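Asker: Numbered according to numbering that gives the first Met the number 0, the sequence shown spans residues 0 to 244. Even glycine gets a Cβ: it sits at the ideal position worked out from N, Cα and C. Quick caveat, the model's predicted, so the values are computed rather than measured. Here it is: the structure, laid out below.
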Amino acid sequence: MTTYLDFETHCTCSYDHLPFDFLTIDDCPLHARLLAPLLEDKPAIVGPVMCEDGKARPPWAATDPLTRLYYDTTWGVPGLSENEMFRALCFQVLQSGLSMRAVLRKFPALNRAFSDFDPYVVAQMTEADVEKMLDNPALIRNRTKLSAVITNAEATVAMRRDGTCLPELVWAYQPAIMPQPETMLDIPERTEESAALARDLKARGFTFIGPKSAWLFMQAAGVVNTHLQGSWRRDAGLRMTPLEF
Numbered sequence: 000m001t002t003y004l005d006f007e008t009h010c011t012c013s014y015d016h017l018p019f020d021f022l023t024i025d026d027c028p029l030h031a032r033l034l035a036p037l038l039e040d041k042p043a044i045v046g047p048v049m050c051e052d053g054k055a056r057p058p059w060a061a062t063d064p065l066t067r068l069y070y071d072t073t074w075g076v077p078g079l080s081e082n083e084m085f086r087a088l089c090f091q092v093l094q095s096g097l098s099m100r101a102v103l104r105k106f107p108a109l110n111r112a113f114s115d116f117d118p119y120v121v122a123q124m125t126e127a128d129v130e131k132m133l134d135n136p137a138l139i140r141n142r143t144k145l146s147a148v149i150t151n152a153e154a155t156v157a158m159r160r161d162g163t164c165l166p167e168l169v170w171a172y173q174p175a176i177m178p179q180p181e182t183m184l185d186i187p188e189r190t191e192e193s194a195a196l197a198r199d200l201k202a203r204g205f206t207f208i209g210p211k212s213a214w215l216f217m218q219a220a221g222v223v224n225t226h227l228q229g230s231w232r233r234d235a236g237l238r239m240t241p242l243e244f
């Protein structure tokens, strides 16, 4: 049985579930007994959720205050500057395998550790800096991810020296036809454009970004509009003031 459920809201175990991820209960025996009663009584939530403030949001942004703020102010806001685009890319790298809420909680500290994600500053960091960050419990202490941020900063700077920039590259892969999703089920896991972008980034020295993560990055950076039909952000002016950490 496959379902679509907000495990972060309803699962009380300590495991850091991906929010609203697909899960086959047979593949998760550890949590099957806990989740089974919820699956029997609660229908899957895949469409816009009307929140108490009168605004409809996707289910992943409807309950937790932090993810709601992120959705309202930052997610899907077009990244037009190099710093904005690099920050969005770093967020996706750091989020890989973790819930959005888990990364948002740590992002202020990560932002400070990586100098506001200025690629020109981050590109000068070394493995010694990574070692220091690994000792900081306020950060995501994953050597591969932290090193990937530095590697990707180096690639970003190298692109600029070659006469292009990260926003220019990413926006070149904007799909000609924007999706019109009514539910989360209408949003694919990857697209031809995201696969091509991932290949291009990899060829330019970027790491820890594949077709699926590139697609999530494109959505978060506002390169593609996957706001659900009926959600308040779908037709709102997308150029808003990003969340300041």
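Using the rule of at least 16 other Cβ atoms within 10 Å of the residue's Cβ for burial, across every protein chain shown, is Ser-80 buried or exposed?
Answerer: Its Cβ having fewer than 16 others within 10 Å, Ser-80 is exposed.
Asker: Residues in its own chain within less than 8 Å of Ala-60 by CB, not counting five upstream and five downstream?
Answerer: Excluding sequence neighbours, Ala-60 sits near Thr-66, Arg-67, Tyr-69, Tyr-70, Asp-71, Trp-74.
Asker: Which whole runs of the beta strand (DSSP E) in the region 81-105 are 3 residues long or more, in chain order?
Answerer: Runs found: none.
Asker: What span of residues does the alpha helix (DSSP H) with Phe-216 cover, start to end?
Answerer: Looking at the DSSP string, the run of the alpha helix (DSSP H) that includes Phe-216 is 210-219.
Asker: Cutting at 8 Å between CB atoms, please list the residues of its own chain near Ser-146, excluding the five before and the five after it.
Answerer: Closer than 8 Å at the Cβ level, and outside the excluded window around Ser-146, lie Glu-126, Val-129.
Asker: Does the distance from the C-beta atom of Pro-166 to that of Met-49 stay below 8 Å?
Answerer: Not a contact, by the Cβ cut-off of 8 Å.
Asker: Given Met-158, which residues of its chain have a CB within under 8 Å of its CB, disregarding the five upstream and five downstream residues?
Answerer: Once the five neighbours on either side are set aside, the close Cβ partners of Met-158 are Cys-164, Leu-165, Leu-168, Arg-203.
Asker: Work out the CA separation of Asp-52 and Asp-161 for me, nearest whole Å.
Answerer: The alpha-carbon atoms of Asp-161 and Asp-52 are separated by roughly 48 Å.
Asker: Count the other C-beta atoms from every protein chain shown that fall within 10 angstroms of the C-beta of Glu-192, then say buried if there are 16 or more, exposed otherwise.
Answerer: The residue is buried, with at least 16 neighbouring Cβ atoms inside 10 Å.
Asker: If you draw a straight line from the C-alpha of Leu-133 to the C-alpha of Gln-94, how long is it?
Answerer: Cα-Cα distance, rounded: 16 Å.
Asker: Let me check understanding here. Comparing Cα to Cα, which of Ala-108, Asn-151, Trp-170, Thr-150 lies closest to Arg-140?
Answerer: Minimum Cα distance to Arg-140 is reached at Ala-108.
Asker: Within the continuous alpha helix (DSSP H) that includes Val-76, where are the two ends?
Answerer: Segment: none, Val-76 is in no alpha helix (DSSP H) and carries neither H nor E.
Asker: Do Ser-230 and Arg-100 have their CB atoms nearer than 8 Å?
Answerer: Cβ atoms of Ser-230 and Arg-100: not closer than 8 Å.
Asker: Counting along the chain, where does the alpha helix (DSSP H) carrying Ala-122 start and finish?
Answerer: First-last for Ala-122: undefined, no H or E at that position.
Asker: Please check the pair Ala-220 and Gly-78, which I expect to be a contact at CB under 8 Å, by giving their CB distance rounded to whole angstroms.
Answerer: Right, their Cβ atoms sit about 4 Å apart.
Asker: Under 8 Å by Cβ, that's how I've got Val-222 and Trp-170 pegged, so tell me the actual separation to the nearest angstrom.
Answerer: Their Cβ separation, rounded to whole angstroms, is 6 Å, which keeps Val-222 and Trp-170 in contact under 8 Å.
Asker: Classify Gln-179: buried if its beta carbon has 16 or more other beta carbons within 10 angstroms, exposed otherwise.
Answerer: Gln-179 is exposed by the Cβ-count criterion.
Asker: Give the secondary structure of Arg-56 by DSSP, where H, G and I count as helix, E and B as strand, and everything else as coil.
Answerer: Three-state DSSP puts Arg-56 in a strand.
Asker: My understanding is that Val-45 touches Thr-182, with C-beta atoms under 8 Å, so please give their C-beta distance in whole angstroms.
Answerer: Going by Cβ atoms, the distance from Val-45 to Thr-182 rounds to 4 Å, so yes, they are a contact pair.
Asker: Compare the Cα-Cα distances from Val-121 to each of Leu-103, Leu-184, Arg-86, Pro-210 and report the closest residue.
Answerer: The shortest Cα separation from Val-121 among Leu-103, Leu-184, Arg-86, Pro-210 belongs to Arg-86.
Asker: For the putative contact between Tyr-119 and Val-156, defined by C-beta atoms under 8 Å, what is the C-beta separation to the nearest angstrom?
Answerer: Indeed, because the Cβ distance is near 6 Å, the residues count as touching under 8 Å.
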